[in-house]
Structures are given as C-alpha cells and as structure tokens.
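Visitor:
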Amino acid sequence: MSLLSKQNSEALLGPLNKNNPIAVQVLGICSALAVTSQLKPAIVMGLSVTIITAFSNVIISLIRKTIPNRIRIIVQLVVVAALVTIVSNILKAYVYDVSVQLSVYVGLIITNCILMGRLEAFALQNGPWSSFLDGVGNGLGYAVILVIVGFVRELLGSGCLLGVKLIPDSWLLENGGLYLHNGMMTMPAMALIIVACVIWVHRSCNKDIE
Amino acid sequence: MNFKKYIDTQLKPQFEEGGKLHAWQSVFDGFYTFMYVPNETAKKNGAHIHDSIDSKRIMSMVVIALLPCLFFGMYNVGYQHYLAVGEAADFWLTFGYGAIAVLPKVVVSYLVGLGIEFVVAQWKHEEIQEGFLVSGMIIPLIVPVNCPLWILAVAVAFSVIFAKEVFGGTGMNIFNVALVTRAFLFFSYPSMMSGDKVWVNGNYMDCINGVSGTATDAVTMATPLGELGSGQAVTTPLENMLTGLMPGSIGETSLIAIALGAIILLWCGVASWKTMVSVFLGGAVMALIFQDKCTGGFQWWQHLCVGGFAFGAVFMATDPVTSARTETGKWFYGFLIGVIAILVRVLNPGYPEGMMLAILLMNVFAPLIDYCVVQSNINKRAKRAKA
C-alpha cells in the first residue's frame, strides 16, 4: 500500500469536509463552545486535539492486536490520558496564558468524543500509518471549525483577532462612534448558533449529506 | 374601471407564471391577500358559523390593540425629554418630539423583518407569512428609546432568521419572536438595554445613534425596577405608574394604554383572558411572598404595575403560537410566567426585570404543559371507560 493511497487520503481529507467530526458527526461540540471565545485558544486547542488524536491513534493501532477486547476502553483511556498530560504540561511550559484560558478543557480532551470515536472506529481496525492520517485529519477537521467559530466570536465580540485590535476604539459608542461590541458573542450560546450556521452552510454546499 | 378590477385584470397576470414581474410574485401576493382576501364568508343557511377572519385579520387586530401603547409611548418619550431638560412644552410639541424619536424604530423594525420575510418567501416560493406584522410593532415598544437603530436592525434580523424562519416560519416558532429580539439586544448590548442612561432621551439623534458620550446630552434616570434592583427607594409616584409617565421601554409604561389594548384583544376574542388573568395571579402570589424583600415602602401589588409585567402579560404571554394551547394549560402557563418573572426580579440582582426571561422560559415548557393536560384527560377518560 502506498503512503497516500486512495484509502489513506480519504482518511486524511474526508474529515476536513464530508466527514467532519463537528459539522457532520456533531461530536466534540462541548469544547467547541467552551474554548472559542477567542481565536488563540481555539487554535491551540485544535492543534492539541490534532496531536493527541494522531498519536493515540498510532499507539492504539500498534498495540491493537494485543489489547484484550473486554478492557480495550480502559487501555484507550490510559493512552489518551498519558498524551493529554504530556500536552497539558507542554502548554503550561510554553504558552502559559493560553493554558490558563483553556483551564480544564485541555484535561477534558480525555473525554472528547472525537478521540474515543476514532480509536474505536478506526485505529482498532487499521494500521498505524492510516490511523495516523485519520487522526490528523479528524483533529484538523475539528480545528477548522474551532478556528472559524473563534474568528467570528473574537472579531464581533471584542473587535480583535489574536489579541490585535482590528476595530479602533474611536468607533465605539462611548467614544463618540457608532459601533458596539456584541457581548453575546463572548457567551457560549452564540458559539452554538455560529456552529449551527457553519453546519447550515456546509450542508447547503453538500446536498448529499443526510 | 375601479381599482380592484384594475388590479385583478391588469396587474395580477403580470405576476403570474410567465409574467414580466414573476420574480415579485410573493410580494404582490402578500399585499393582494392583505387587502382583499378572504373576501367571502359561508352561505347564511347551514349549520356552520363562518367568519372571514384569518391570521392576517387577527394580526391586524393585535396591531390595532397595540396602537394606544405606541401613541402613549410617543407622548411619554417627549414628556420625559422635556422634563429632563427642564423646558415647558405643549401637548403637540411633546407628542411630536416622541413621534420623531419613536417612528424610526418602527420603520426599521418593519423594514428589516418584512424584508427578510419577503426574501424567504420568494426564495421558497411560498406565500408571505403575516406573523411579523405583530412582532414588528411589539419590538419597538419593548426597547429603550435610546437604543440605536443599527443594533435594532441586527437584532430583528437575528430573531426573524433564527427564532422563526429556521423553525419553518410563522406558526412554527417555539419562542416569541419579539422577545427573542429583546433577549438578543439584552445579552449582546447590555449597555444599551439596561442601566439608568438609556430610558430618557436627551437629544432625538440619540435614538438613531445611541447614547451620546457628551455629559450634557446623556440623561440619567432610573426606572422603578432599576431603583428596586439596586435597593433604593422607588421615587415614581403611584399615579405615574398607572398613567405611565415614568421612564421605561417605549410602550410598556402605561397601565391605562395596556388596559385599552387588553380590552380590544379580549373583545375581539383574539387573546385568551385565562392567560392574562393567570399571569397577574402568579405575579401577585409571588410578589406577596416576597413582600419583605421590597425596599422603601414598595408594595407587593406595585410589582404588577411597573416594568414590562403588564405589557408582557397582555401582548406577549398570550401569543397564540408560543403559549399553551389547552384551556387548562393556559392557567398553568400564565401562572408560572407570573411566578418566574417576580422570582427573577426579586432574587437576581443582575436582572431587574424578569418578564422577558419568564415568558421565554415558559415558551419552552408550553408544549410540555399541553402534553400533560391532554394526557391527564386521556387517563381520566380511560378510567371512566373501564369503570
């Protein structure tokens, strides 16, 4: 099997579009609502999930023939928890402010349905290379939605992107302008509506998704 | 040739399939049915009682019932303005000032809301739905006068799309569209919807642009609920609560205007008296329980006179689409709205007014209430059949 056979490229690219974990399978919504009030934590969260999904997929795929079926969930959890701990510590060491913003949600990657779903549905049946691609694909599919939602929420909610002010203060109402930041954008309720809009647009571009 | 005949023979064919103006068919159809349909009733003989009332007529009645609140709201806006700036003004000057301040809101609300309805109807090849006629009139009445026009437009667009069209349009919505607009404004732009700087208009340009930053134009005036929420004594005298000459959202202040509207609604049989009565009942019971939490001589029954309580009870809790539909259910539905509204007012210092949240919450529970009522009726009859 070549490195990027049809099957493998499907594993990598499918989740980015027609098999997207958030927009199509509607998994991982909880963290998508919680961490996307700004763009930076959304990107960091997306990357963390991508790395953890990819490597836990590889590890589980490597040992898939030795895992007894009855305890496979606990084995998967141990692997994921180990990777999450590593990522969490790396975040604390290098991007401390973001890890404070993400707070418990990095730890909660353990319970992210996308991870367990990929381990159960893909890594237990496939080889390490295609599992790796599948993990990267699903992680990026998750990250793409997070970035879109984070982009809209940070721009409309606080007028910044990645902390850089795009909407000058002089436009604001209290400074004599007309503009007001939309406070609801910083609340999780609005994230749900933005995710819904993304799904809406995605479905109307792909009519074949049921 | 009279006007109706001209429309039927000359204008109508152009909008039909193949006509030059077919792209505008739903717009034409909307106006045509609004003016001329239904134009017949059942024959006089026979057992059926027929009336040519349809949802367009019902909506028109509600809009008429809202007019006293609208006109009084205009007057009150002017009154509060001249009171705040300390100038004397006669009736027409006062009213005219208020009309200039309020009318742009009505126009924006209708333009944006009906615009979206027309586009959606044209896009789906459906008839234009008339539900926004009422919402478009209620929305300007439940916002503070200094709410800028562009955020009003954003909120109307949001709620028409997300509270109504995505659920399938008029009659399918779970939440009251006007209240979703207000909730969106309240949570998105809290500085424009609450506090003590938005209720009284210093300069009518404020209504278009929002509160101006200069100290001379900004007028500080707290609503009775604002004072109550922050633990101060309520300064509004009782007679002003009845007539409505107090700061508040444009249409919600006057009990008398609301009572006129309620009479029109009940007289035409459009709204349910059970819902109205039970909202007041629920509010009264809860306010009585919390009497000792009221500060500065505020009596329990005054809760029913201030803020949006009466307006919500008469015009929004009775919304036939989002309220409970069973007759017994209406009692529970209304009662719980009253209870929750006062609960939020008294116990949550962050929200001085609880009517909006109470009605939206009970909108969610209305189908459940109906289900329980229907189910208990089924059980009762099943038991009777067995016995």
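If you're matching them up, the sequences are chains Y and X in order. If you number the first sequence the way the numbering used here does, the last residue is 236 and the count never jumps. If you number the second sequence the way the numbering used here does, the last residue is 1004 and the count never jumps. We put the beta carbon where it would ideally sit given N, CA and C, even for glycine. Nothing here was measured: the structure is a model prediction, and the numbers come from that model.
For X:K947, which residues in the same chain have their Cβ closer than 8 Å to its Cβ, ignoring the five residues on either side in sequence?
Guide: If you number the second sequence from 1, residue 947 of chain X lands on position 330. Excluding positions up to five away in sequence, the list reads S889, K891, T892, S895, S940, A941.
Visitor: Which residue marks the beginning of the alpha helix (DSSP H) containing X:T945, and which one marks its end?
Guide: Residue mapping note: residue 945 of chain X aligns to position 328 of the second sequence, counting from 1. Its alpha helix (DSSP H) spans residues 944-964.
Visitor: So, with DSSP's three-state summary, where would you put X:S993?
Guide: As a position in the second sequence, residue 993 of chain X is number 376, starting the count at 1. X:S993 falls in the helix class under three-state DSSP.
Visitor: Please report the distance separating the alpha-carbon of X:A876 from that of X:W884.
Guide: Working through the second sequence from its first residue, we reach residue 876 of chain X at position 259. Working through the second sequence from its first residue, we reach residue 884 of chain X at position 267. Approximately 12 Å, taken between the alpha carbons.
Visitor: Quick one: is Y:L206 near chain X, going by C-beta distance under 8 Å?
Guide: Here residue 206 of chain Y is taken as the residue at index 180 of the first sequence, counted from 1. Yes, because at least one Cβ of chain X sits closer than 8 Å to the Cβ of Y:L206.
Visitor: Relative to the C-alpha of Y:L134, which candidate in Y:G167, Y:S114, Y:A37 has its C-alpha closest?
Guide: Counting from one through the first sequence, the residue named residue 134 of chain Y turns up at place 108. Cα-wise, what sits closest to Y:L134 is Y:S114.
Visitor: Per DSSP, which one or two residues make a beta bridge with Y:Y205?
Guide: Residue numbering aside, residue 205 of chain Y sits at position 179 when the first sequence is read from its first letter. Answer is Y:L198.
Visitor: Could you round the C-beta distance between X:N793 and X:D936 to whole angstroms and report it? I think they count as a contact, below 8 Å.
Guide: Within the second sequence, the letter at position 176 stands for residue 793 of chain X. Within the second sequence, the letter at position 319 stands for residue 936 of chain X. Rounded, the Cβ-Cβ distance is 5 Å, consistent with contact.
Visitor: Got a sec, what are the start and stop residues for the alpha helix (DSSP H) Y:N115 sits in?
Guide: Position 89 of the first sequence holds residue 115 of chain Y. First-last of the alpha helix (DSSP H) with Y:N115: 98-120.
Visitor: CB-CB under 6 Å to Y:L188, same chain, minus the five flanking residues each way: which ones, in chain order?
Guide: Residue mapping note: residue 188 of chain Y aligns to position 162 of the first sequence, counting from 1. So the list reads L65, K66, once near-sequence residues are dropped.
Visitor: Quick check on X:M973: buried or exposed, where buried means 16 or more other Cβ atoms within 10 Å of its Cβ?
Guide: For this step, residue 973 of chain X is matched to residue 356 along the second sequence. Counting Cβ neighbours within 10 Å, X:M973 comes out buried, since at least 16 surround it.
Visitor: Please report how far the alpha carbon of Y:K32 lies from the alpha carbon of Y:I55, in whole angstroms.
Guide: As a position in the first sequence, residue 32 of chain Y is number 6, starting the count at 1. As a position in the first sequence, residue 55 of chain Y is number 29, starting the count at 1. Rounded to the nearest angstrom, the two C-alpha atoms are 29 Å apart.
Visitor: The region 205-229 of chain Y: which residues have C-beta closer than 7 Å to a C-beta of chain X, in chain order?
Guide: Taking 7 Å as the Cβ-Cβ cut-off against chain X, the residues of the region 205-229 of chain Y that qualify are L206, N208, G209, M210, M213, I219.
Visitor: Is there a Cβ from chain Y that is less than 8 Å from the Cβ of X:S805?
Guide: As a first step, residue 805 of chain X is located in the second sequence; it is residue number 188 there, counting from the start. With 8 Å as the cut-off, X:S805 counts as an interface residue toward chain Y.
Visitor: Do X:E970 and X:L1043 count as a contact pair if the criterion is CB distance below 8 Å?
Guide: Since the first residue shown for chain X is 618 and the last is 1004, residue 1043 of chain X is missing from the structure and cannot be characterised.
Visitor: Anyone know if the C-beta pair for Y:V170 and Y:I220 falls short of 8 Å?
Guide: As a first step, residue 170 of chain Y is located in the first sequence; it is residue number 144 there, counting from the start. As a first step, residue 220 of chain Y is located in the first sequence; it is residue number 194 there, counting from the start. Result no, Cβ atoms of Y:V170 and Y:I220 do not sit closer than 8 Å.
Visitor: I'd like to know whether the C-beta of X:I733 is nearer than 8 Å to at least one C-beta of chain Y.
Guide: Sequence index remark: in the second sequence, residue 733 of chain X carries index 116 (1-based). Not an interface residue.
Visitor: Would you say X:W767 faces chain Y, with C-beta separation under 8 Å as the test?
Guide: As a position in the second sequence, residue 767 of chain X is number 150, starting the count at 1. By this cut-off, X:W767 is an interface position.
Visitor: Between which two residues does the alpha helix (DSSP H) containing Y:G176 stretch?
Guide: The residue labelled residue 176 of chain Y in the question sits at position 150 within the first sequence. 154-184 is the span of the alpha helix (DSSP H), which, as asked, contains Y:G176.
Visitor: Does the structure place the region 191-200 of chain Y close enough to the region 105-123 of chain Y that three or more beta carbon pairs sit under 8 Å?
Guide: They do not touch, by the three-pair rule.
Visitor: Using the Cβ count rule (16 or more neighbours within 10 Å means buried), how would you classify X:T831?
Guide: Position 214 of the second sequence, counted from the first residue, corresponds to residue 831 of chain X. In this prediction, X:T831 scores a pLDDT of 43, lower than 50, which makes its location untrustworthy; no coordinate-derived value is stated.
Visitor: Identify every run of the alpha helix (DSSP H) within the region 619-648 of chain X, keeping only runs that are complete inside it and at least 4 residues long; order them along the chain.
Guide: Here the runs fully enclosed are 620-623, 629-632.
Visitor: Roughly how many angstroms separate the alpha carbons of X:G753 and X:H639, rounded to a whole number?
Guide: Stepping through the second sequence from its first residue, residue 753 of chain X is reached at position 136. Stepping through the second sequence from its first residue, residue 639 of chain X is reached at position 22. Roughly 27 Å between the two C-alpha positions.
Visitor: What's the gap between the Cα of Y:L8 and the Cα of Y:Y205?
Guide: The requested residue 8 of chain Y does not occur in the structure, where chain Y is confined to residues 27 to 236.
Visitor: Given that a residue counts as buried once 16 or more other Cβ atoms are within 10 Å of its Cβ, and exposed if not, what is X:E634?
Guide: Indexing the second sequence from 1 puts residue 634 of chain X at position 17. It counts as exposed.
Visitor: Report the rounded CA-to-CA distance for X:A780 versus X:N790, giving the unit in angstroms.
Guide: As a working mapping, residue 780 of chain X is identified with position 163 in the second sequence. As a working mapping, residue 790 of chain X is identified with position 173 in the second sequence. Roughly 6 Å between the two C-alpha positions.
Visitor: On the criterion of 16 or more Cβ atoms from any shown chain inside 10 Å, does X:F708 qualify as buried, or is it exposed?
Guide: Stepping through the second sequence from its first residue, residue 708 of chain X is reached at position 91. When all chains shown are included, X:F708 counts as exposed.
Visitor: Should X:M809 be flagged as near chain Y, meaning a C-beta pair shorter than 8 Å?
Guide: Along the second sequence, read from residue 1 onward, the residue named residue 809 of chain X stands at position 192. Interface residue, yes.
Visitor: Hey, would you say X:V694 sits closer than 8 Å to X:V719, going by beta carbons?
Guide: Here residue 694 of chain X refers to the residue found at position 77 when the second sequence is read from its first residue. Here residue 719 of chain X refers to the residue found at position 102 when the second sequence is read from its first residue. Yes, these two residues count as a Cβ contact at 8 Å.
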